[in-house]
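Here is the structure we will look at.
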Amino acid sequence: MSYIPGQPVTAVVQRIEIQKLRDGDNLILGFSIGGGIDQDPGQNPFSEDKTDKGIYVTRVSKGGPADVAGLMTGDKIMQVNGWDMTMVTHDQARKRLTKKNEDVVRLLVTRKSLEDVVRQSMMPH
Amino acid sequence: PTSPVKDLSTHTRAMSSIAFFKQTLVFFELTGKLSSDYPLRADEKPPQVRRRIGAAFKLDEGLIPQDREESELRALEADLALHQQIYEAVRRLSLEENLSKPVRKSRLQQCKHEERKVKELQEAVLKHHVSHGCVSPQTCCSSRQPGKSTLAFSVSIRGPLQHSPVQNSPWRESSLDEPYEKHKQAPSSSSSTSSPTGTLTELGLADIPPAPQFVFKSLAMHNNHSNSAPSTPELPLRRHISQSFSSCQHAQPTSQSTSQPSSQDSTPLRGDVGKLNPVVTSLAEPVNINKMQQPDSTKRVHKPPLPYPSLCRGPSLKEHRDHPIRLLPREVVSNDLRSWHQRYTTEDIKPRALERHGFMHVKCLPNQEPPPYHQIQPHRQVKMILQRAPDGTPLQWYEEDDCEIVSQV
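Line order of the protein sequences matches chains U and H. Letter 59 of the first sequence, counting from 1, is numbered 59 in the UniProt record's numbering, and no numbers are missing. Letter 173 of the second sequence, counting from 1, is numbered 173 in the UniProt record's numbering, and no numbers are missing.
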C-alpha cells in the first residue's frame, strides 16, 4: 500500500465506530497504536510496505470497545473523525484518538483482506 | 570583498529592495561593518546602527569560498557553517533573560527557522556526498579545515541515510487507554518496544487483559495500574474505610480534638476522600462489597482515630484473622466481577449507546457478551453482501458509493 505523500490514496476502507468506555476521568478505547511519520517504518511488523509511516493498530484488547466495534490488529488507520492519519506523528494520532470530550471515535481503517473480499465478490459466480 | 559580505550580498540581490535593505541593516547590526552593497549616495553618511552584542560570531575562514570557481560543495559547506553560527546566535538571543513576550516569541521562531535551515543544508550536503559517490563524508568534505562546524556536521550524517527532515525514532506502540501525555516514556507501560519481534510477542494472548478486568476498570478505578489482579480487591475496601472514618470525624469533631490527632492532621485525607467518594458508591453494589464488609469494621470506625500515617497504609482489615479478604479466594472475587460484567452488558447499557447513533440495533439475550452476530439487524440499505450469518442476515457488505465495506459488529 505504498503511495506518494500528498497524492490521493485509493483504498478499500471500513468504517468503525468505537464507543469509548468511561473509567472515571479516563476513556478507554481498548487498543494500541504504533507508527507515525516520526517513527522508523522499517520496524513496523504489520505493514507490507516497510516505508509506510502510517498509524497501525498493534493490539486490540479482547472484549474491549475497539474489539466490539470490529477493529483488528494490523489495521491501518486512515482517518479519525474525518482527520487524516496517514501523515501524522505518533503523538498527533494519539491526541486525536484520546480526546476527552469525545465519547465516540469514527475510524476509517484499511486492511489487506478488505480488498480481497471486494475483489472476490465482484467476480461473477 | 573576500568576506561573507560578498556571499551574503549575492544571495540577496534577487530580493526585493526593501527586504534587501533590511538585511543589510541586520548584517550591519551583527557585524558592525556596513555592507558594500548598502545603498549610499556619495554625500550620505552611513547610518548609526547599534551593534547587537552577543550575536557576533566568527566563521572558519577556510570555509569561506575564496573565488567564484569554488565547487558547489564548498558553497554548501560554507552556507551550512554560516547558518550553524546564525542558529547558535539566534538560540543564544532567544535564551536571554528579561525579554518581553512578543520578542521572545519572535526569537524562538527565528530559532526554529534557522534550525530548519541548518537541517536542510545538512541534507543538501549529504545528498551531494551521496551523489558524488563518497563513502565516508569525512574523506571528501573539506579536508583542509575540519573546524567546529564540520565536526557537528559529520556527526549528524553518521546516522541512517534519510531524506526526510523528520528524524525517525524507534517504532513503538502506545496504549490508548491512558490519558494523553506529551512525553510519555513510562517504562511501566508495555509500549516501548523497539524491535518488531518484541512487539509481536507482546501480542500474545496471555498478555491481553481478560474481559472482567475491563469491567473493573469501568468502575471508575482511579488507579491506572490496577493491572495486577491480586491487589485490586483491596482498593475499594481501603477507600471505604477512609471514607467512613472521615464521616465519623465530621460527626464528632470534639471528641477527637481532646485525645488523638487534631482534625487538621487529617484535612488532606478528607480532601482525598472527597475525590474518592463517587468511586465508593459506584463500587458498592456491583462488586458486592457489602459481602466483604464486616460488623467489626463499624467498630473500627468508632474507635479513636488512628494517626494519619497508619491510615494511609490502610488500617488493614487484612490483619483480622477471619476477614473475608482472607477468606475470599481470588476466583470468588473475579467471579463476582464476571457476573457483574454480564449484568452490565446485558442490561442494555452499551447497546443503547450504540443505538443512539443509529448504527445498529442489538437484541440482547441474557448471559452473552458481546452480542452475537446473528442478533444484529442492519438498518441500512444493503448494496453488495459480502458475508452472511447462517440465518441469512447480512454481516458485511460493500457500498459502492462510498467505496466502503460496512460490517455489523
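Ideal Cβ positions, reconstructed from N, Cα and C, are used throughout, including at glycine. Given the structure is predicted, the values throughout are model-derived calculations rather than measurements.
Looking at the DSSP output, TRP83 of chain U shares a beta bridge with U:VAL80. By a beta-carbon distance limit of 8 Å, ARG111 of chain U contacts ASP75 of chain U. Their separation comes to about 5 Å.
Across the structure, ARG104 of chain H and ARG91 of chain H are spaced so that their CA atoms are roughly 11 Å apart.
By the criterion of at least three beta-carbon pairs nearer than 8 Å, the stretch 97-110 of chain U is in contact with the stretch 172-180 of chain H. Taking a contact as a CB-CB distance under 8 Å, the pair MET72 of chain U and VAL60 of chain U counts as one, their CB atoms being some 6 Å apart. Boundaries around ARG59 of chain U are those of the beta strand (DSSP E), 55-60, since no alpha helix (DSSP H) includes it. Nearest in C-alpha terms to LEU108 of chain H, of all of H:THR393, H:PRO390, H:ILE385 and H:TYR87, is H:TYR87. Between ILE33 of chain U and VAL105 of chain U, the gap from beta carbon to beta carbon reaches 7 Å or more.
As a beta-bridge residue in DSSP terms, PHE31 of chain U pairs with U:VAL60. Chain order gives the chain U residues near TYR180 of chain H as ARG94, LYS95 and THR98, where near means a beta carbon separation below 7 Å. Our two residues, PHE46 of chain U and LYS53 of chain U, have alpha carbons roughly 11 Å apart in a direct line. For TYR87 of chain H, no Cβ of chain U is located within less than 7 Å of the residue's own Cβ. Ranked by how close their Cα comes to the Cα of VAL88 of chain U, the residues U:GLY35, U:ASP103 and U:LEU29 have U:GLY35 in first place. Annotated three-state conformation of ILE18 of chain H is helix, per DSSP.
For LEU386 of chain H, the C-beta contacts it makes with chain U under 7 Å involve VAL117 and SER121, in order along the chain. The three-state reading of DSSP puts SER407 of chain H in strand, counting E and B together. Taking GLN110 of chain H as reference, the option from H:GLU123, H:ALA124 and H:ALA89 with the minimal CA-CA separation is H:ALA89. Identification of chain H residues near GLN14 of chain U by a Cβ-Cβ cut-off of 8 Å yields GLU404, ILE405, VAL406 and SER407, ordered along the chain. The C-beta distance from HIS128 of chain H to LEU73 of chain H rounds to 5 Å, short enough to meet the 8 Å contact threshold.
Within the model, the alpha-carbon separation for ASP40 of chain U versus LYS117 of chain H is close to 23 Å. The beta-carbon distance between VAL118 of chain U and VAL13 of chain U, rounded to whole angstroms, is 11 Å. This is too long to meet the 8 Å contact definition. Taking a 10 Å sphere around the C-beta of LEU95 of chain H, we find fewer than 16 other C-beta atoms and assign the residue as exposed.
Annotation for GLN387 of chain H: LEU395 and GLN396 place their beta carbon closer than 6 Å to its own, counting only its chain and skipping 5 residues before and after.
Sequence-distant Cβ neighbours of THR51 of chain U in its own chain, meaning closer than 6 Å and more than five residues away, are PRO41.
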